[in-house]
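Colleague: This structure is in structure tokens; I'll ask about it shortly.
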DNA sequence: AATCATTTTTGCAGAGCGTGCACTTTTGCA
DNA sequence: TGCAAAAGTGCACGCTCTGCAAAAATGATT
């Protein structure tokens with residue numbers, strides 16, 4: 001039974017560890033087989049055999065064959081969420097999310113081997129790409145909550161006023177924006193930011209894949225978030 | 238055989254029309270049955286029977302059972318794309334997309350009956366929601382292309398400079414921002430805008446569903462795009 | 001109206017997916 | 001060492017989806 005990198009999760013009893021190992025073995029076998037033979041030509045039987053368990057056991061770990069293909073980065077969302085919560089106090093929400101994502105992406109670039117296989121699998125079968133994105137959409141809720149908590153605890157941290165304190169360009173003459181509207185924004189804003197940030201990552205990866213020769217990923221990623229921070233202004237021709 | 242609203246697509250021979258009718262009948266039967274009995278309790282056999290065709294014929298129209306559940310709005314993306322292309326010349330790209338989407342959403346609100354069933358189905362089974370969003374992601378490419386063409390033809394209308402007129406990438410000795418960087422932005426920008434706009438719609442719908450009593454959808458939708466246009470600034474507490 | 005090429009529909013066989021159930025093996029603990 | 005709980009396994013069964021070849025429907029032509 002091949003084992004994935006055991007970096008994380010050496011805690012718990014033998015039972016717990018073996019469960020994690022089996023799950024990881026199944027997930028890695030799935031990706032390796034899919035990268036080699038194509039997703040459609042990999043049966044659950046083959047994956048189970050490669051991981052050294054029975055077919056029935058496979059379905060004890062995954063609800064469907066496709067789930068096993070996209071099980072690699074199951075914990076990435078949680079790490080980003082925590083990074084946003086513990087980001088330096090001076091950062092705006094958008095900046096905090098950007099930093100958290102950048103860290104995670106660097107982490108992924110370190111485990112380049114398995115991830116390039118994974119990327120090939122996703123590229124080959126769009127069907128799985130959609131499931132992959134769907135899995136990350138589930139993380140959005142947690143991220144939005146982290147953003148909301150960050151805002152609630154103060155955009156400036158415990159120490160001092162804000163650098164990014166923008167004068168509100170309210171369209172209503174003289175009068176301020178209603179208190180109600182401000183409260184409502186608090187609810188919509190975190191969700192929107194979480195979702196839009198995830199989208200920006202996706203588009204950046206997509207764009208970068210077509211032009212790896214011209215630009216580094218970090219550069220594309222940075223530009224995407226700059227565009228967001230500027231309000232997606234029409235580019236000058 | 239029940240027929241869906243025949244609003245669009247009365248053109249073509251009898252063959253063509255009958256094919257469209259069969260496909261529509263299958264799609265509608267799928268949604269109605271799923272809304273009533275739950276997605277998991279609807280077999281292909283039941284859908285086919287409700288539409289008056291054989292099981293084998295079902296698979297001549299859809300690659301999978303799930304595809305039949307999300308086949309209602311197959312043409313929405315194309316309509317938005319066209320709306321963006323033909324939007325008033327004075328609008329910025331972001332504004333043009335917002336208007337195109339708003340029009341489509343009003344159109345949907347008109348066919349309230351089937352769409353509320355559809356919404357229930359998507360709400361009940363997240364699995365299908367992901368497929369639904371994936372289907373719309375495919376539209377992103379077309380929308381991005383429309384945005385790019387709109388930018389190329391001039392943000393001020395057809396009376397502007399030539400469409401294919403791209404300044405030569407000269408060595409960036411003179412200006413502040415390099416000419417190369419500006420050209421690159423043209424490529425990344427449309428994709429980012431298309432994707433982010435779709436995301437904003439999704440978040441708006443999601444948010445609105447939880448608070449229909451407090452705010453109209455148009456209001457939420459408008460606020461989301463205002464936040465985008467402002468660069469997602471940290472809300473004031 | 002009768003004929004014919006084309007397109008669509010259909011039944012059938014078969015591989016693979018996924019689940020419920022009962023049974024065996026392994027694990028952690030007393 | 002023995003025991004209760006958890007994990008793994010084999011089997012039966014229904015559903016999904018595909019390939020193939022035959023049957024039915026369609027639209028144009030004579």
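Chains as they are written, first to last, in this note's numbering: chain A, 1 to 237; chain B, 238 to 474. Ideal placement from N, C-alpha and C gives every residue a C-beta, glycine not left out. Note that the coordinates shown come from a computational prediction; the quantities given were computed from them, not determined experimentally.
(1) For chain A, is any of its Cβ atoms less than 9 angstroms away from the one on residue 280 of chain B?
(2) Under a Cβ-count criterion, where at least 16 other Cβ atoms within 10 Å of its own Cβ denotes burial, should residue 463 of chain B be classed as buried or exposed?
(3) Could you tell me whether the segment 286-294 of chain B touches the segment 257-271 of chain B, using the rule of 3 or more Cβ pairs below 8 angstroms?
(4) For chain A, find out if any of its Cβ atoms is closer than 9 angstroms to the Cβ of residue 459 of chain B; answer yes or no.
(5) Quick check on the burial criterion: 16 or more other C-beta atoms within 10 angstroms. Buried or exposed for residue 277 of chain B?
(6) Expressed to the nearest angstrom, what Euclidean distance is found between the alpha-carbon atoms of residue 198 of chain A and residue 57 of chain A?
(7) So is residue 338 of chain B buried or exposed if we call it buried at 16+ other beta carbons inside 10 Å?
(8) Please tell me whether residue 187 of chain A has its Cβ less than 9 angstroms away from any Cβ of chain B.
(9) If you compare alpha carbons, which of A:78, A:118, A:60, A:106 is closest to residue 35 of chain A?
(10) Can at least three beta-carbon pairs, one atom from the segment 200-220 of chain A and one from the segment 362-370 of chain B, be found at a separation below 8 angstroms?
(11) So which residues on chain B does residue 267 of chain A lean against when the C-beta distance must stay under 7 angstroms?
(12) So which residues of chain B does residue 134 of chain A contact, with C-beta pairs closer than 9 angstroms?
(13) For the putative contact between residue 192 of chain A and residue 389 of chain B, defined by C-beta atoms under 8 angstroms, what is the C-beta separation to the nearest angstrom?
(14) Check the Cβ-Cβ distances between residue 198 of chain A and every residue of chain B, and say whether any is below 9 angstroms.
(15) Go through its chain and collect everything with a Cβ distance to residue 104 of chain A's Cβ below 8 angstroms, but skip five positions before and after it.
(16) Under 7 angstroms Cβ-Cβ, which residues of chain A neighbour residue 329 of chain B?
(17) Kindly indicate if chain B contains any beta-carbon less than 9 angstroms away from that of residue 192 of chain A.
(18) Verify the contact flag: residue 70 of chain A, CB atom, against every heavy atom of the ligand MN, threshold strictly below 8 angstroms.
(19) Compute the distance between the beta-carbons of residue 134 of chain A and residue 275 of chain B, then report whether it is under 9 angstroms.
(20) By how many angstroms is the C-alpha of residue 311 of chain B removed from the C-alpha of residue 460 of chain B?
(21) Measure how close the beta-carbons of residue 384 of chain B and residue 433 of chain B come, nearest whole angstrom, since I'm counting them as under 8 angstroms.
(22) Three-state secondary structure (DSSP) at residue 328 of chain B?
(23) How about residue 336 of chain B and residue 326 of chain B: are their beta carbons less than 9 angstroms apart?
(24) What would DSSP say about residue 53 of chain A, mapped onto helix, strand or coil?
(25) Going by beta carbon distance, what residues of the same chain come within less than 6 angstroms of residue 374 of chain B, once the five residues before and after it are set aside?
(26) Can you name the residues of chain B whose CB is closer than 7 angstroms to the CB of residue 227 of chain A?
(27) Please list, in chain order, the chain A residues whose beta carbon lies closer than 7 angstroms to that of residue 440 of chain B.
(28) Excluding the 5 residues preceding and the 5 following residue 221 of chain A in the sequence, name in chain order all residues of the same chain whose CB lies nearer than 6 angstroms to its CB.
(29) Nearest chain A C-beta to residue 405 of chain B closer than 9 angstroms, yes or no?
(30) Given this structure, state the Cα-to-Cα distance separating residue 59 of chain A from residue 344 of chain B, to the nearest angstrom.
(31) Kindly list, in the order they appear in chain B, the residues whose Cβ is closer than 9 angstroms to that of residue 118 of chain A.
(32) For residue 323 of chain B, which three-state DSSP category applies?
(33) Starting from the C-beta of residue 471 of chain B, find all residues in its chain whose C-beta is less than 7 angstroms away, skip the five residues before and the five after it, and write them out in chain order.
(34) Kindly list, in the order they appear in chain B, the residues whose Cβ is closer than 9 angstroms to that of residue 207 of chain A.
(35) From residue 194 of chain A to residue 29 of chain A, what distance separates their C-alpha atoms?
(36) Please list, in chain order, all residues of the same chain as residue 116 of chain A whose beta carbon is under 7 angstroms from its beta carbon, the five residues on each side excluded.
Modeller: The answer reads as follows:
(1) no
(2) exposed
(3) yes
(4) no
(5) Answer is exposed; the Cβ neighbour count stays below 16.
(6) 33 angstroms
(7) buried
(8) yes
(9) A:118
(10) No, they do not touch.
(11) Because chain A in this structure spans residues 1 to 237, residue 267 of chain A falls outside the shown range and cannot be described.
(12) Think of a sphere of 9 angstroms around the beta carbon of residue 134 of chain A: the chain B residues whose beta carbon falls inside it are 363, 364, 366, 367, 368, 370, 371, in chain order.
(13) Going by Cβ atoms, the distance from residue 192 of chain A to residue 389 of chain B rounds to 29 angstroms, so no, they are not a contact pair.
(14) By this cut-off, residue 198 of chain A is an interface position.
(15) 76, 79, 80, 83
(16) 234
(17) yes
(18) In the structure on display, the ligand MN does not appear, and there are no ligands present to speak of.
(19) no
(20) Taking the straight line joining both Cα atoms gives about 27 angstroms.
(21) Wrong, their Cβ atoms sit about 11 angstroms apart, outside the cutoff.
(22) coil
(23) Not in contact: residue 336 of chain B and residue 326 of chain B (Cβ atoms no closer than 9 angstroms).
(24) Note: residue 53 of chain A maps to coil in three-state DSSP.
(25) none
(26) 426, 429
(27) 191, 192, 195
(28) So the list reads 204, once near-sequence residues are dropped.
(29) Confidence is the limiting factor: at residue 405 of chain B the pLDDT is only 39, short of 50, which leaves the residue's position unreliable and the question unanswerable from this model.
(30) 43 angstroms
(31) The contacting residues do not exist; residue 118 of chain A stays about 18 angstroms from chain B at best.
(32) coil
(33) The beta carbon of residue 471 of chain B sits closer than 7 angstroms to none of the beta carbons in its chain outside the five residues before and after it.
(34) 424, 425, 428, 429
(35) 32 angstroms
(36) Nothing listed; no residue qualifies.
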